[in-house]
Amino acid sequence: MNKHIGTLARWRMQIFAVTWLAYAAFYFTRKAFSVAKLGIAEDPGFTLDKMAMANLDAIYLAAYAIGQFTWGMLADRFGPRVVVLGGLLISAAAALVMGSFATLPIFATCMLIQGLAQSTGWSGLCKNLGSFFPAEQRGRVLGLWSSCYAFGGLVASPFAGWWAYTLIGSWHAAFISSAAVVAVVALLFFIFQRNRPEDVGLPAVEPEPELSAEQTAADSKLSVWEPLKEILRNRTVLVLGLAYFLLKPARYAILLWGPVIVFEQMPAVGKVGAAIIPTAFELAGLLGPIMIGLASDKLFGARRMPACVLSLLALTVTLALFMGALHTGSVLLVVALLFVMGLTLYGPDSMISGAAAIDFGKARAGATAAGFVNGCGSVGAVLGGLLPGYFDSVTVFIVFAGCALFSALVLIPHWNSRPVGVMEPRASVPNRALTIKPLRN
Numbered sequence: 000m001n002k003h004i005g006t007l008a009r010w011r012m013q014i015f016a017v018t019w020l021a022y023a024a025f026y027f028t029r030k031a032f033s034v035a036k037l038g039i040a041e042d043p044g045f046t047l048d049k050m051a052m053a054n055l056d057a058i059y060l061a062a063y064a065i066g067q068f069t070w071g072m073l074a075d076r077f078g079p080r081v082v083v084l085g086g087l088l089i090s091a092a093a094a095l096v097m098g099s100f101a102t103l104p105i106f107a108t109c110m111l112i113q114g115l116a117q118s119t120g121w122s123g124l125c126k127n128l129g130s131f132f133p134a135e136q137r138g139r140v141l142g143l144w145s146s147c148y149a150f151g152g153l154v155a156s157p158f159a160g161w162w163a164y165t166l167i168g169s170w171h172a173a174f175i176s177s178a179a180v181v182a183v184v185a186l187l188f189f190i191f192q193r194n195r196p197e198d199v200g201l202p203a204v205e206p207e208p209e210l211s212a213e214q215t216a217a218d219s220k221l222s223v224w225e226p227l228k229e230i231l232r233n234r235t236v237l238v239l240g241l242a243y244f245l246l247k248p249a250r251y252a253i254l255l256w257g258p259v260i261v262f263e264q265m266p267a268v269g270k271v272g273a274a275i276i277p278t279a280f281e282l283a284g285l286l287g288p289i290m291i292g293l294a295s296d297k298l299f300g301a302r303r304m305p306a307c308v309l310s311l312l313a314l315t316v317t318l319a320l321f322m323g324a325l326h327t328g329s330v331l332l333v334v335a336l337l338f339v340m341g342l343t344l345y346g347p348d349s350m351i352s353g354a355a356a357i358d359f360g361k362a363r364a365g366a367t368a369a370g371f372v373n374g375c376g377s378v379g380a381v382l383g384g385l386l387p388g389y390f391d392s393v394t395v396f397i398v399f400a401g402c403a404l405f406s407a408l409v410l411i412p413h414w415n416s417r418p419v420g421v422m423e424p425r426a427s428v429p430n431r432a433l434t435i436k437p438l439r440n
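In terms of numbering that gives the first Met the number 0, the sequence shown is residues 0 to 440.
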């Protein structure tokens with residue numbers, strides 16, 4: 000038993016590290032185009048205006064949304080190893096092609112492929128973590144693990160910008176250097192990742208009830224669509240999907256258009272500066288998921304919604320003030336506001352799409368629940384890719400502020416919801432008459 004405990008602890012650390020690294024790596028190929036836009040806009044040999052770039056982003060995001068709904072079900076059926084590893088390799092290949100051939104048809108095709116490849120990551124890796132960590136640890140673990148995508152976004156843009164505009168002097172290098180990073184991580188993932196403890200001779204962390212031979216045979220014949228049918232009957236997960244749909248546009252507008260928006264409003268900072276300034280947003284994203292996870296556990300007794308609602312209200316204010324800060328020309332003010340924006344966006348982002356989705360989803364449909372909620376968000380993210388290319392930035396950020404506010408409003412009725420099986424703290428029992436009962440799905 001002690002040997003198993005020690006071995007399981009080592010594998011937990013290994014799985015946490017390799018899955019964290021894998022999802023962070025996806026951001027290198029995801030953000031390569033946003034950095035390359037700065038050079039493409041001035042390349043006489045490859046003409047792409049802002050609308051064309053926005054359309055390419057929309058192709059990517061639409062494919063990403065479709066993939067979220069699909070890959071979660073396949074990860075539940077076939078395991079994350081095959082699904083995520085394939086996504087990493089295909090993502091690297093698509094970025095390499097975009098860095099080598101500058102034509103609109105090739106870019107459109109590769110953005111479609113890139114979206115499908117990138118969408119393998121979240122649901123599969125969340126399921127991978129869930130297999131190694133029990134429910135009572137999952138909230139804290141996922142809060143810490145969710146820093147991966149903030150870190151990926153934080154380092155990906157400066158990395159690609161440095162290769163493209165300082166070292167090589169060509170936007171092509173943004174794609175090629177990013178593809179190299181993802182290829183290396185794919186190799187590490189292949190070597191160090193396993194789907195579940197049973198794959199390395201360890202007992203399951205949360206053994207499922209024993210099933211009869213008839214039940215086992217019936218489960219093996221279930222369609223991959225069965226988990227999705229369960230999720231569509233889960234009211235809380237549907238609300239989370241709506242909230243995430245409203246939240247995601249602002250994040251992706253900053254991820255995909257941040258350098259362009261900053262450079263347009265503050266050209267004195269230069270291209271490399273414009274690529275670096277938005278990283279304040281991702282830097283705060285390292286802290287946001289951890290802080291909101293602790294708040295939901297320690298302050299709100301495992302209720303996820305209060306922390307999300309309060310954070311979204313603060314986000315609404317920062318989004319409304321952002322363009323005014325850019326017009327002042329103050330780099331310090333813009334960086335500070337982006338930091339607060341990241342702190343108040345990444346927290347509810349990670350909570351809604353990660354811990355809350357898994358909390359309120361079914362055990363056998365964990366990847367499907369995470370994929371469904373993230374897929375809803377990805378549909379909203381299409382707006383984040385499109386709107387900055389078609390409308391002025393002031394209008395765009397006012398719309399995003401309204402979406403963040405509405406996202407908070409749809410979660411308020413679920414303020415006291417807890418996942419099934421999580422009991423109220425004893426201190427709250429005398430006030431039970433004032434407590435809204437958790438939703439049972």
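Every residue gets a Cβ at the ideal spot worked out from N, C-alpha and C, and that includes glycine.
Along the chain, where does the alpha helix (DSSP H) containing residue i start, and where does it finish?
{"i": "Arg80", "result": "79-99"}
{"i": "His326", "result": "304-327"}
{"i": "Gln117", "result": "103-117"}
{"i": "Thr235", "result": "234-264"}
{"i": "His171", "result": "171-191"}
{"i": "Lys297", "result": "Where Lys297 is concerned, there is no enclosing alpha helix (DSSP H), given that its DSSP letter is neither H nor E."}
{"i": "Asp348", "result": "330-349"}
{"i": "Ala274", "result": "269-275"}
{"i": "Trp414", "result": "Per DSSP, Trp414 belongs to no alpha helix (DSSP H) and is neither H nor E."}
{"i": "Phe158", "result": "146-160"}
{"i": "Ser352", "result": "Premise fails: Ser352 is in no alpha helix (DSSP H) and is neither H nor E."}
{"i": "Gly120", "result": "120-131"}
Please look up how many angstroms separate the CB atoms of residue i and residue j, rounded, as I've assumed it's under 8 angstroms.
{"i": "Lys270", "j": "Ala159", "result": "At roughly 12 angstroms, the Cβ-Cβ gap does not stay under 8 angstroms, so Lys270 and Ala159 are not in contact."}
{"i": "Ile175", "j": "Leu95", "result": "6 angstroms"}
{"i": "Val17", "j": "Gln192", "result": "5 angstroms"}
{"i": "Ala242", "j": "Ile351", "result": "6 angstroms"}
{"i": "Ser349", "j": "Gly142", "result": "7 angstroms"}
{"i": "Ala400", "j": "Leu312", "result": "The Cβ separation is near 11 angstroms, so there is no contact."}
{"i": "Ser122", "j": "Gly379", "result": "Contact flag wrong, Cβ pair sits at about 17 angstroms."}
{"i": "Ala91", "j": "Ala185", "result": "7 angstroms"}
{"i": "Phe131", "j": "Pro202", "result": "So it is not a contact: roughly 12 angstroms between Cβ atoms."}
{"i": "Ala24", "j": "Val180", "result": "6 angstroms"}
Would you decide whether residue i is buried or exposed? Buried here means 16 or more other CB atoms lie within 10 Å of its CB.
{"i": "Thr69", "result": "buried"}
{"i": "His326", "result": "exposed"}
{"i": "Asp198", "result": "exposed"}
{"i": "Ala426", "result": "For Ala426, the pLDDT reaches just 44, beneath the cut-off of 50, and the residue's location in the model is therefore unreliable, although a value from the coordinates is still provided. So Ala426 counts as exposed."}
{"i": "Tyr148", "result": "buried"}
{"i": "Tyr389", "result": "exposed"}
{"i": "Lys247", "result": "buried"}
{"i": "Gly5", "result": "exposed"}
{"i": "Glu281", "result": "buried"}
{"i": "Ile89", "result": "buried"}
{"i": "Met12", "result": "exposed"}
{"i": "Gly323", "result": "exposed"}
{"i": "Ser329", "result": "exposed"}
{"i": "Ile411", "result": "exposed"}
{"i": "Pro43", "result": "exposed"}
Is the closest heavy atom of the ligand HEM to the C-beta of residue i under 6 angstroms?
{"i": "His326", "result": "The ligand content of the structure shown is nil, which means the ligand HEM is not present either."}
Near residue i, what residues of its chain come up, given a Cβ to Cβ distance below 7 angstroms and the 5 sequence neighbours on each side ignored?
{"i": "Leu255", "result": "Ser33, Asp56, Gly383, Gly384"}
{"i": "Ser310", "result": "Ile291, Thr343, Gly346, Pro347"}
{"i": "Pro157", "result": "Ala274, Ile275, Thr278"}
{"i": "Phe189", "result": "Leu84"}
{"i": "Ala107", "result": "Leu55, Ile58"}
{"i": "Leu298", "result": "none"}
Ignore the nearest five residues each way along the sequence and tell me which others in residue i's own chain have a CB closer than 6 angstroms to its CB.
{"i": "Ala155", "result": "Tyr26, Phe27, Lys30"}
{"i": "Ala294", "result": "Ala306"}
{"i": "Phe405", "result": "Leu245"}
{"i": "Asn127", "result": "Thr18, Pro79"}
Spatial neighbours of residue i within its chain, please: CB distance less than 8 angstroms, with the 5 preceding and 5 following residues excluded, ordered by chain position.
{"i": "Val334", "result": "Ile276, Ala279"}
{"i": "Cys109", "result": "Ala93, Ala94, Val96, Met97"}
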